[in-house]
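Note that this note's numbering has the sequence shown beginning at 1, numbered continuously upward.
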Amino acid sequence: MAMKTLLNIIWLVLSGFWLFLGYLLAGIICCILIVTIPWGIASFRIGLYALWPFGKTVVNKPTSGVWSFLGNVVWVIVAGIWLAIGHILSGIALCITIIGIPFGIANFKMVPVSLAPLGKEIVDI
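This is how it looks when you write it as structure tokens:
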């Protein structure tokens, strides 16, 4: 428990807060457009995960289907590609130092969910 908290605090300082702001901006834009409110809600959910990721994991929802796939296609076009680029750039920057390598790897693990957040669920480990 203490290790997860320590990792989350370091993550928050190094990249979590900035990634969270990106998800927050994407969610606000999606909610303003009204038609894309479900994507905005997904963005807020994944943004909270990006803010405090250690001790949680992403799993597929068994009830998601073709609509989640189609929604993810729209998401990639609207915001997903930019958030994925943010994770990749942050991961590369963190991997420059030995201490940052675990955090860089965590960023790389978040790229798939940043590209396809619909049909995913965040659960505690």
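Built from N, CA and C at the ideal position, the CB exists for glycine as well.
Between the alpha carbons of residue i and residue j, how many angstroms are there, rounded?
i, j, result
"I77", "K109", "20 angstroms"
"F134", "Y49", "It is not possible to answer for residue 134, since the shown part of the chain is limited to 1 through 125."
"I41", "C31", "8 angstroms"
"V113", "V58", "8 angstroms"
"A79", "I85", "10 angstroms"
"G1", "I37", "Just to set this straight, residue 1 is Met in the shown sequence, not Gly. When rounded, the distance between both Cα atoms is 35 angstroms."
"L118", "F44", "12 angstroms"
"G16", "L25", "14 angstroms"
"V74", "P102", "31 angstroms"
"I9", "L70", "35 angstroms"
"W18", "L6", "18 angstroms"
"I81", "I96", "23 angstroms"
"A39", "G27", "As written in the sequence, residue 39 is Trp, which differs from the Ala given in the question. Looking at the two C-alpha atoms, the distance is approximately 7 angstroms."
Please confirm whether residue i and residue j have their CB atoms less than 7 angstroms apart.
i, j, result
"G47", "I125", "no"
"G22", "L94", "no"
"G91", "G100", "no"
"A106", "N72", "no"
Got a sec? Which residues, its chain only, sit under 8 angstroms from residue i by beta carbon, not counting five neighbours each side?
i, result
"K4", "F54, G55"
"E121", "V58, V59, N60, K61"
Spatial neighbours of residue i within its chain, please: CB distance less than 6 angstroms, with the 5 preceding and 5 following residues excluded, ordered by chain position.
i, result
"S64", "G119"
"V111", "A84, H87"
Return the chain-ordered list of same chain residues with a C-beta closer than 7 angstroms to the C-beta of residue i, the five sequence neighbours on each side being excluded.
i, result
"S68", "L118, G119"
Quiz prompt | Contiguous alpha helix (DSSP H) assignments of at least 4 residues, all confined to the segment 25-68 | solution = 37-51
Practice problem: Taking only runs that begin and end inside the segment 69-98, name each unbroken beta strand (DSSP E) of 3 or more residues, in chain order. | Solution: none
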